[in-house]
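>
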Amino acid sequence: MMRTVLRSLRALVATGAALLAAGAMASMAAAQVSVDDRIESLQDLVKKKSDDQATVVIDGLAQAFAGMVDEDKKKAVAALEKCLNARREEGDDKLFEAVVNAFANCGEPGQKATLKSLKAPNVDKRAGVLEAALRSLGFHKNPANVKALVDYLVHNEPRVVAGAAAALSNYGEQPEKSRKPIVEELIKNYSQYASAASNTQASNKDKGVAQERLNVVEKPFKEALLKLTGSDFKDAPAAQKWFNDNKSKKWPDPTAAGGGS
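Printed below as a string of C-alpha cells:
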C-alpha cells in the first residue's frame, strides 16, 4: 500500500511540474509577442467585432504594460483609446468596459486616458461603461481626481453614482482634511436617495422606484463611508448623525477601525 501511495505522490509531483513548465512556456511565448503585433491583432479583432477575443488582447496589453518601454506604453494606450471609437449596438458594452478597466493598470497614461474617456460618447452615454470608468479612475488614488468623481455623485443613473462612490472609497488613506469633504458629499447624496425611498407622501409606485434606486447605491455608499471614516453605518440617518456629531472633531485613522483602502 505504501508503494502505491509513493507512486501516486510521484505522479502528482510530475504532473504539477509539467503544468508549471507549460505555464512558464506560455508566459514566455506571450512575452515574446511584440506590442506592435498585439496592437495589430487588436485592431483586426475590433474591426471584425470579435470582442471576446479583443478583450483577451486588451487584458494582455494591460498586464504587460508595466514592463513596456515608454514608447510602447504610448502606443498601447493610444490603441486602447482608439477602441472607444468603435461602433457597437446599444447595450453591447463588453469592448468598452474592457478598455476602461485596462486603463487602471496603465499608470499615469491610463489615468489621463480615463479622464479623457469620460466625455467619449461610448463611455458617457453608456451607464455601465461610465460606471466602470469611474471605478478605474478611483483605482489611481490621485487626489486631483476627487472633484471629478464627486461631480458624478449627482448623476441621474444610480449605477453611475455607485461607480463614483466606489471610486471614492479608494481615498481612505488621505489626510483627514481631504477625507472630510468627500464624506460630506457621500452622506449628502446617500441621504437624498434614502429620503426618496422613505417619503410617506409619495405613491407606492414612486416609492418602489426610489427603493430600487437606493438598492443600487446603498452598498457602495456604505463601503466608501466605512473606508473613509472607519465607521460601519446602518443607514443614511446614522451616517448623517455621525457626521453632524464629528465634523468639527479630530477623526481617527480609518484603517485602525477596519476601514481604509
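Going by numbering that gives the first Met the number 0, the residue at position 20 of the sequence shown is 19; the numbering climbs one at a time, nothing skipped. Every residue, glycine too, gets a C-beta built ideally from N, C-alpha and C. Model, not experiment: these values are computed from the prediction.
1) Hey, F220 and A143: beta-carbon distance below 8 angstroms or not?
2) Excluding sequence positions up to five away, which residues of its chain have a Cβ less than 6 angstroms from the Cβ of F102?
3) Between R37 and the rest of its own chain, which residues show a CB-CB distance below 7 angstroms, the 5 nearest in sequence each way excluded?
4) Can at least three beta-carbon pairs, one atom from the stretch 88-104 and one from the stretch 116-133, be found at a separation below 8 angstroms?
5) Excluding five sequence neighbours on each side, which residues of the same chain lie with their C-beta closer than 6 angstroms to the C-beta of L44?
6) At the level of alpha carbons, what is the spacing between H139 and G106?
7) Please name the residue, chosen from L152, C82, S116, L83, that lies closest to V182 on a Cα-to-Cα basis.
8) With C-beta atoms as the reference, is D71 less than 8 angstroms away from V34?
9) Using beta-carbon positions only, say whether A119 and L79 come within less than 8 angstroms of one another.
10) With C-beta atoms as the reference, is L227 less than 8 angstroms away from G137?
11) Taking all protein chains shown into account, do 16 or more other C-beta atoms lie within 10 angstroms of the C-beta of E184, making it buried, or fewer, making it exposed?
12) Who are the near neighbours of P253 in its chain, counting only those whose CB is closer than 7 angstroms to its CB and skipping five residues on each side?
13) Taking W241 as part of the alpha helix (DSSP H), name the residues at either end of that continuous run.
14) Enumerate in chain order the residues of its own chain whose CB-to-CB distance from A161 is below 6 angstroms, with the five nearest sequence positions on each side excluded.
15) Starting from K115, follow the alpha helix (DSSP H) in both directions and report where the run begins and ends.
16) Excluding the 5 residues flanking A235 on each side, which residues of the same chain have their C-beta closer than 6 angstroms to its C-beta?
17) Give the DSSP-derived three-state secondary structure of S197 in the structure shown.
18) Can you tell me whether R158 is helix, strand or coil according to DSSP?
19) How should R86 be labelled, buried or exposed, when 16 other C-beta atoms within 10 angstroms of its C-beta is the threshold for buried?
20) Taking only the alpha-carbon atoms, compute the straight-line gap between N100 and R212 and give it to the nearest angstrom.
In short, the structure shows the following:
1) No, these two residues do not count as a Cβ contact at 8 angstroms.
2) The beta carbon of F102 sits closer than 6 angstroms to those of G109, A112, T113, S135, all from its chain and outside the five residues before and after it, given in chain order.
3) Its chain contains V56, G59, L60 as the residues whose beta carbon lies nearer than 7 angstroms to that of R37, once the 5 sequence neighbours on both sides are disregarded; these appear in chain order.
4) Enough Cβ pairs lie closer than 8 angstroms, so yes.
5) Hits under 6 angstroms: Q52, A53.
6) Cα to Cα, H139 sits roughly 8 angstroms from G106.
7) Nearest Cα to V182 within the set L152, C82, S116, L83: L152.
8) Yes.
9) Cβ distance not < 8 angstroms, so A119 and L79 don't count as in contact.
10) In this structure, G137 does not lie closer than 8 angstroms to L227 by Cβ.
11) E184 should be labelled buried.
12) If we look at P253 and ignore the five residues flanking it on each side, its Cβ neighbours are G171, K226, L227, T228, G229, G259.
13) 235-245 is the span of the alpha helix (DSSP H), which, as asked, contains W241.
14) Closer than 6 angstroms at Cβ, skipping near neighbours: V215, V216, P219.
15) In the DSSP annotation of this structure, the continuous segment of the alpha helix (DSSP H) that includes K115 starts and ends at 106-116.
16) Same-chain partners within the cutoff: Y189, S190, A193.
17) In the structure shown, S197 sits in coil (DSSP, three-state: anything other than H, G, I, E or B).
18) Residue state, collapsed to three classes: helix.
19) The residue in question, R86, is exposed, as its Cβ has fewer than 16 Cβ neighbours within 10 Å.
20) Each residue's CA atom was taken as its position, placing N100 and R212 some 24 angstroms apart.
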